[in-house]
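**Student:** Got a structure here, written out as structure tokens. Questions coming.
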Amino acid sequence: MTTQLKQYTSKIKWKLSNSVGSKDNQGDDLNLTSAAFGGLDEDSNSTDSYSFLTAASQLPNNDNNIQQLLEKAVKCDNYKNTGQLDSKLLARIIGVLSERVDLLMEDAAAKLNLKSLLLLIEELCQLCHVQLNHLDEENISLQCNWVLHRIGEVMLRSVKTGRPLYHALHCWAIVGPTLLKAACCSDPAIAKTSVEILRSIISHVLQEQPEPLHFHFNEALFKPFEHVLCRENIDPDLQDQVMSSLCELVECWSGEIRSGWRPLFACLRRWPPPPQGPTDMCSTNRLIHSENISTVKEVLAAFVQQGGCNPLIFANAAMDAILCQFRYLKCYRYVAELSDPALDYLQKFAKLLGQLCGESNQSPVFYSAMSLTFLPNECDFEPLIVLASEHRDQMEAEEYGCWSSLFDVPRPQSGHAVKLWDNNTGIYKVFYLLVDGVTCCLTHAKDPVQKSIGEVVMATLILLVDIQEYEFAVLCLRCSILPGMTHWLTGLLSINRATQTGGGASLGTFKQVCGLLCEVMTRLLSAEETSRLVDTNDVSALFREVTLFYVECAVQDDESLVRIGNSCMRHLIVNCGQYFRTLCPSGELWEVAASALCLIVRCNLTTVQRLIQNDRAGEQQERQQFRLQHLSMQIFNQPVAESLSPMCSCNIFVALLSYQLAINTIANIVCYSNSILTGDEKILKSAVFAENMQPCAPVEPKILAILTSVLRLGCEFGIDFEIALGMRRHLQKLYGFSQPPSLAQVTGLSSDLLVVALANIAMHYSTHMRDLEQWLDFLIDFYFQESGNELPPVDSVPNISPPDFQLVSSSKSKENVGTNDDDLSPVTETTIVVQEEKEERIEGEANECVSSTQSGSVEELDEKKQLLETREEKDFEESNSSPSSSECLSGARTPQEDDHIIKQQMAAALESYRRQKRLQTRILKTAEPKSPRIMKIAPEIISKILLLSAIRLLSRLNKDVQNSFQIVWNIMSRINLHCSDQQMRKAHEEF
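Heads up: the sequence shown runs through residues -13 to 977, numbered per my numbering.
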């Protein structure tokens, strides 16, 4: 023991003697490099520029006292007998040495020059490293604690004595790694001691050495805490000690932390361990019932306060603070005490960023975001593109061209708004990081916090619009929000199809966010400065993507998605239509809106047709009974049965609902674009959903021309639906309707809108008068054939489809009206002969049925009557399923001959149908004259409804334009010549 004490004393004396030698000797003895310990370079000047620090200290000479005590102890009898020093003398020796070491360390920290001080600290740290590597040896832990305290004392005294910050930088470069290694060791006592020393040093540095501008020394001070929390399997007590230390530092010195906020938020990102799910109650309870949450809130509140006062502080740590909140939203979304404050502070960060964006000339540089790379997301509309391509053969070239341009969306990388990413300050990179991160949390969350996240996303976009950051709002919408929403919609649809239960709460949140997105778009498009500050191509691309997103919602088989998609489309058109011309002078936005409405109508009508033709009403889904009742009352004005078969679902109702909602939006556009017909407000009042009608900006005739194609399609669909009695009876039986379902209301609305649109187009472009003429000819001919009145001349026989449920081609209905050919082909004659034979057979069976009613029972009569109805429908379908003339004729026939053959077949089919219905009526009246079921009043035929409405509309033509529609009067004169219906004649007289 005596030998060790002597060696230790000699070593300290030798170090001190070297440190007080000549300056030349100092240069030879010291060889510190910044690469090894963060000290001075070899070629640095060895002299110290601070004169008040002496090279050595004149310590009191107590060596003689120690030597005398040692000699006395050796001469003691105890040492002679046992070889051990006397305990009292030994304690006195250790006390003298400790006092000597304390005085040595104090004077060294206060008076040594920088190189000497670094040498002392280096020796202490090297000794600590050796001890940390041999903690398994006896008593080494106690010695390590002693050395750690000495290191802390030297560092603290060097700070307190007023040394400049430059000295503290070099000292901390050696002390920091040593304390970090001690804090990460396996001995809990040493680790806690190291953390406490770290806290003391940082606290005194923050108090004594304020960090100058553009320095980041405080970031290095807090860095060891970050590395401690990065360890795996860290002791919970040590973790809490670290967080308590940080909280204490923030509470006491929040105004002096400055660059230290970055590692501080890095610590929060790694603490505490997240729960593994909502069932991980152990971690959740520990998180909630500890003081950790209050610690987080205090840190965030202090940062927001300091960042608001000093933009440099906020710019330095903004990205780390945002990433910290994202982790809370992702990992702690089941803990409302932590996720809700995270959302609140993200909103506060967005407001601070918005303030800095408004002061772009004075905005600080966000250096931490400079390394970010722009990787925009893109919307995936491939399902819609495939759906539209399926209808290509059914559309004219002009209509398909509108649709194809609807999907022609430029990539976000080519947009003009991307230039914001290269802003010198980097503020838009941080802002985009915030928006994109919150959007990712929104689309991946499946819990109650999702609703709050959606509100934060849209509130941030509204903030961008309010501060007139229109270009950046467009960039966020195109590259983050809309791609995230389409991904969210895809996930909802996959869940819906897999579980057959709908999206539940997530679907409700989706609807809310869709509505908020519509409100954001409304504010953006209606802002006065948007047209000046945002490139036209960017506005057009954004509107296309938003429109396609709502179209994708409107063509789904979910009622909620259908309603929100159509409602948002109507809201955008009604509230922003007046700004479309200002935003895009070419009228591109109106073309996109009109094409989108056409796409909704055509896709939904095709869905209805496919479901009916496949003899099913859709895939079975779990729906509440009142939803079916509600939809049925809206669409067919009659309820469904209380108990339905498993084959019944909402699919066909949802498709028809979406179709009717789209027609309502078209009614807004057409009626408020009308300039030559008075009284069109009656059309709005008679609409399917009249309560949703709102004023709309007028559109050009070319937009009306786009809408006429889909209005004609809706009319033809409704006509096909009304004359397909077998299909309507099937739906009546399937859903338990009291009478066959009818689409007369929406079909009449479509016909009225078509007449109004064609009349306005014809007024501006006389070449389009022919379209109006053809449609009126079609209505008159269809009425004559369906009502059984005297047929018109052959040259105006219409082309309407047989009662089989299939869509009538709009091009056919226009081309085949007005052709003239008196010759019938052999195929047509054969078809008519076959139909006559079938009619004779049916009439014979009917007579037989009538003759048997005198003797047969009521039950037998019902059986025969049902058999007759079934056979009649079957024969009628067979008669109309014969190949078309274009399939049977050789290539030698002209197109006029082909058209004439088709017209003759249609006329024969309808005439056969009328005869069969008259025959069936005669049978029923003869057999059961008093049956209440037979005494029902037959509804008006659809052709009469459509024609009457068209006549009344055209009678409201303005007087100054009546001369332009003289040819319409000539067409209407056919009604007076060939029609015997009094109501029709009266309407014609008024016309």
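Think of the CB as a built atom: it goes at the ideal place given N, C-alpha and C, for glycine as much as any other residue. Model, not experiment: these values are computed from the prediction.
Taking three-plus beta-carbon pairs below 8 Å as touching, is the region 758 to 774 in contact with the region 729 to 744?
**Tutor:** Yes: the two stretches touch, three or more of their Cβ pairs being nearer than 8 Å.
**Student:** Please report the straight-line C-alpha distance between I931 and I766, rounded to a whole angstrom.
**Tutor:** Rounded to the nearest angstrom, the two C-alpha atoms are 11 Å apart.
**Student:** Please report the straight-line C-alpha distance between G587 and C554, rounded to a whole angstrom.
**Tutor:** A small correction: the amino acid at residue 587 is Val; Gly does not occupy that position in the sequence shown. C-alpha separation (whole angstroms): 16 Å.
**Student:** Going by the DSSP bridge assignment, what does L663 pair with across the sheet?
**Tutor:** For L663, which the question treats as bridged, DSSP gives the partners L943.
**Student:** In chain order, what residues of the same chain have a beta carbon less than 6 Å from the beta carbon of V290, not counting five sequence neighbours either side?
**Tutor:** Cβ neighbours of V290 beyond the five flanking positions: K334.
**Student:** Report yes or no: do three or more beta-carbon pairs, one from the region 235 to 243 and one from the region 212 to 222, lie closer than 8 Å?
**Tutor:** Segments in contact, no.
**Student:** Have a look at T651 and P469 and give me their C-alpha separation to the nearest angstrom.
**Tutor:** Cα-Cα distance, rounded: 26 Å.
**Student:** Let's test the definition: count the other Cβ atoms within 10 Å of the Cβ of M507 and tell me whether it reaches 16, buried, or not, exposed.
**Tutor:** With 16 or more Cβ atoms within 10 Å of its Cβ, M507 is classed as buried.
**Student:** Is it right to say M970 is buried, meaning 16 or more other beta carbons lie within 10 angstroms of its own, or is it exposed?
**Tutor:** Counting Cβ neighbours within 10 Å, M970 comes out buried, since at least 16 surround it.
**Student:** Would S526 and Y565 be called neighbours here (beta carbons separated by less than 7 Å)?
**Tutor:** Against a cut-off of 7 Å, the Cβ pair of Y565 and S526 comes out as no contact.
**Student:** Does the beta-carbon of N623 have 16 or more other beta-carbons within 10 angstroms, so that it is buried, or is it exposed?
**Tutor:** By the 10 Å Cβ count, N623 comes out exposed.
**Student:** So, for I453: in the same chain, excluding its five sequence neighbours on each side, which residues have a beta-carbon less than 7 Å away from its beta-carbon?
**Tutor:** Closer than 7 Å at Cβ, skipping near neighbours: G340, C343 and G344.
**Student:** Do you know whose CA, among I598, M91 and T533, lies nearest Q718's CA?
**Tutor:** Selected option, being the one with the closest Cα: I598.
**Student:** How far does the alpha helix (DSSP H) with L373 in it reach, from first residue to last?
**Tutor:** E368 to S375 is the span of the alpha helix (DSSP H), which, as asked, contains L373.
**Student:** I'd like the list of long-range same chain contacts for W257, defined as Cβ closer than 7 Å, with 5 residues on each side in sequence excluded.
**Tutor:** L215, Q225 and M229.
**Student:** Are the CB atoms of S644 and A580 within a distance shorter than 7 Å?
**Tutor:** For A580 and S644, no; Cβs fall outside 7 Å.
**Student:** Using the beta-carbon count (16 or more within 10 Å), is V819 buried or exposed?
**Tutor:** Confidence at V819 is low in this model, with a pLDDT of 39, below 50, so the placement of that residue is unreliable and no value is reported for it.
**Student:** Suppose contacts are defined by Cβ-Cβ distances below 7 Å. Is K437 in contact with T495 by that definition?
**Tutor:** Contact flag set, yes.
**Student:** For G551, which option in G704, C636 and L647 has the closest C-alpha, if you only look at C-alpha atoms?
**Tutor:** The shortest C-alpha separation from G551 is found at L647.
**Student:** Have a look at P222, S280, F458 and A307 and flag the residue whose alpha-carbon is nearest the alpha-carbon of S245.
**Tutor:** Of P222, S280, F458 and A307, the residue nearest in Cα terms is A307.
**Student:** Going by other Cβ atoms of all chains shown within 10 Å of its Cβ, with 16 needed for buried, is Y769 buried or exposed?
**Tutor:** Result: buried.
**Student:** Kindly indicate which residue of S480, L519, R549 and V520 has the alpha-carbon position closest to the one of G501.
**Tutor:** That would be R549, whose Cα lies nearest to the Cα of G501.
**Student:** Between the C-alpha atoms of I638 and H716, what's the straight-line distance to the nearest angstrom?
**Tutor:** Their Cα atoms are separated by approximately 13 Å.
**Student:** With distances taken from CA atoms, which of R938, E139, I692 and C171 is nearest L392?
**Tutor:** Selected option, being the one with the closest Cα: I692.
**Student:** Answer yes if the region 355 to 367 comes into contact with the region 461 to 476, meaning at least three C-beta pairs across the two stretches below 8 Å, and no otherwise.
**Tutor:** Judged by Cβ distances under 8 Å, the region 461 to 476 makes contact with the region 355 to 367, as three or more pairs qualify.
**Student:** Which residue marks the beginning of the alpha helix (DSSP H) containing Y645, and which one marks its end?
**Tutor:** Residues N637 to C657.
**Student:** Grab me the residues of P327's own chain with a C-beta within less than 6 Å of its C-beta, minus the 5 sequence neighbours each way, in chain order.
**Tutor:** K283.
**Student:** So, L735 versus F707, is the Cβ gap smaller than 7 Å?
**Tutor:** No; because the gap between Cβ atoms is not below 7 Å, this pair is not in contact.
**Student:** Given a threshold of 16 other Cβ atoms within 10 Å of its Cβ, counted over all protein chains shown, does H120 qualify as buried or as exposed?
**Tutor:** Exposed is the call here.
**Student:** Under three-state DSSP, which class holds C500?
**Tutor:** If DSSP states are grouped into helix, strand and coil, C500 belongs with the helices.
**Student:** What is the DSSP secondary structure of T411, counted as helix, strand or coil?
**Tutor:** If DSSP states are grouped into helix, strand and coil, T411 belongs with coil.
**Student:** Could you have a look at R904 and say whether DSSP puts it in helix, strand or coil?
**Tutor:** With a pLDDT of 47 at R904, under the threshold of 50, the modelled position of that residue is not reliable, and the figure given next carries that caveat. Residue state, collapsed to three classes: helix.
**Student:** Under 6 Å Cβ to Cβ from S8, same chain only, skipping five residues before and after it: list those, please.
**Tutor:** Confidence in S8 is poor, its pLDDT being 37 and thus under 50, which makes the residue's placement unreliable; the coordinate value appears in the next sentence. For S8, where only same-chain residues beyond five positions count, there are no Cβ hits under 6 Å.
**Student:** For G992 and P362, what's the separation of their Cα atoms in angstroms?
**Tutor:** The shown model of the chain, from -13 to 977, leaves out residue 992, and the question about it has no answer.
**Student:** Starting from N119, trace the alpha helix (DSSP H) in both directions and tell me its first and last residue.
**Tutor:** Neither: N119 is in no alpha helix (DSSP H) and is coded neither H nor E.
**Student:** State buried or exposed for G148, treating a residue as buried only when at least 16 other CB atoms are found within 10 Å of its CB.
**Tutor:** The residue is exposed, with fewer than 16 neighbouring Cβ atoms inside 10 Å.
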